[in-house]
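If you want my numbering, it's the 1-based position in the sequence shown plus 11. Heads up, the thing below is written out as structure tokens.
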Amino acid sequence: MSIGNSPEDDRPSVGRALQQARNGAGLTVEQVSATTRVRIPIVQAIEQDDFSRCGGDVYARGHIRTFARAVDLDPEPLIIQFDADHGGRDEPAVTTPLFEAERIRPEPRRPNWTAAMVAAIVAVVGFVGFTLFSGGSQGGDGQVSAGGTTNAEKKPAPAPNTTRPTVRPPAPAPSDSAIAGLPKDKVTIKVTARDAQSWISARDASGQVLEDGLLKKGQSKTFQDKKRIDLVLGNAGAVQLYVNGKEVKHVGDEGSVERLSYTPGDPQAG
């Protein structure tokens, strides 16, 4: 008695399914690349089930979702099939490169000179205040009592001022007045790694690199140019983006790579 193949054995691979859907939709590789903003060599590699050029499993899932939506295909079965073929979900290593030809360099930590100066000023002011207060008390109460001791010797020295500076809460989102204060003849962009770390690359209109590195969770970067700013965001779903003082509600999905360009004016016009 022979045993037939199961339906799962007959189903096409992830890359083959995407290629068939693209051909069925009458789209070329170049058109899919322009729609998804995924480079042509990576689109071709995905159709050959070569996900090594995606930069890791997280980015591969993001590319699969974007590709599938562009060819009107449900991405979830493909993601499940991809995980089954690649041993489940793994978190990307911090050193995983974002692009094939670009290795991201982490931003060096810089000493916080402002906080150190504020602490030094508070210490000096507290010391001077304590010295003046204790000196004035001894000069006014130096009379000798009947027992031969002075009133200043009987009174304990005042305790130093140990009150700590008030900790201010984090700044809220930009208000209408703050947005109105931004220059209208320039494009201003603020990127914050709100939910997790992200890799960012920013260039001005002339192509000069403004930022190219790892943005850790909670960190922010602000860029400004007269004409245009081009952004590349890795793990775009974890990023909070403000353009000219207005928040862009949906930057991208978790693990996706987004390439964005903005000019002066409303974010939707960028």
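Note that CB positions come from ideal geometry on N, CA and C, so glycine has one too.
Answer with yes or no whether the minimum CB distance from I240 to chain C is below 9 Å. Annotation note: the requested chain C is absent from the structure, which comprises a single protein chain.
Go ahead and label H261 buried or exposed: buried means 16 or more other beta carbons lie within 10 angstroms of its beta carbon, across all protein chains shown. In the sequence shown, the residue the question calls residue 261 occupies position 250. Burial call: exposed.
CA-to-CA distance, I240 to A56, given in whole angstroms: Residue numbering aside, residue 56 sits at position 45 when the sequence shown is read from its first letter. Residue numbering aside, residue 240 sits at position 229 when the sequence shown is read from its first letter. Rounded to whole angstroms, A56 to I240 spans 29 Å at the Cα level.
With which residues is K201 paired in a DSSP beta bridge? Here residue 201 is taken as the residue at index 190 of the sequence shown, counted from 1. DSSP lists T233 and Y253 as partners of K201.
Own chain partners of D236 with C-beta closer than 7 Å, once the 5 adjacent residues on each side are dropped: Against the sequence shown, residue 236 aligns to sequence position 225. So the qualifying residues of the chain are K197, V198, D215 and A216.
With a Cβ-Cβ cutoff of 9 Å, do G224 and V69 count as a contact? Translated into positions along the sequence shown, residue 224 becomes position 213. Translated into positions along the sequence shown, residue 69 becomes position 58. Not a contact, by the Cβ cut-off of 9 Å.
What are the boundary residues of the alpha helix (DSSP H) that E222 is part of? Against the sequence shown, residue 222 aligns to sequence position 211. That residue, E222, is in no alpha helix (DSSP H); its beta strand (DSSP E) goes V220 to L226.
I need the straight-line Cα distance from R64 to A71, nearest angstrom please. Counted from its first residue, the sequence shown places residue 64 at position 53. Counted from its first residue, the sequence shown places residue 71 at position 60. Approximately 9 Å, taken between the alpha carbons.
Delimiting residues of the beta strand (DSSP E) encompassing G245: Within the sequence shown, residue 245 is the residue found at index 234, counting from 1. Per DSSP, G245 belongs to the beta strand (DSSP E) from I240 to G245.
For D206, which residues of its own chain have a beta-carbon under 6 Å away from its beta-carbon, when the five flanking residues on both sides are left out? Residue 206 sits at position 195 when you count from the first residue of the sequence shown. Excluding residues within five positions, the ones whose Cβ falls inside 6 Å are A249.
Secondary structure at S268, three-state DSSP: helix, strand or coil? By one-based count along the sequence shown, residue 268 stands at place 257. The question names Ser, yet the displayed sequence has Val at residue 268. Reduced to three states, the DSSP call for V268 is strand.
Beta strand (DSSP E) segment containing D96, residue limits: Looking up residue 96 in the sequence shown gives position 85. Unbroken run through D96 is the alpha helix (DSSP H), P86 to D96; no beta strand (DSSP E).
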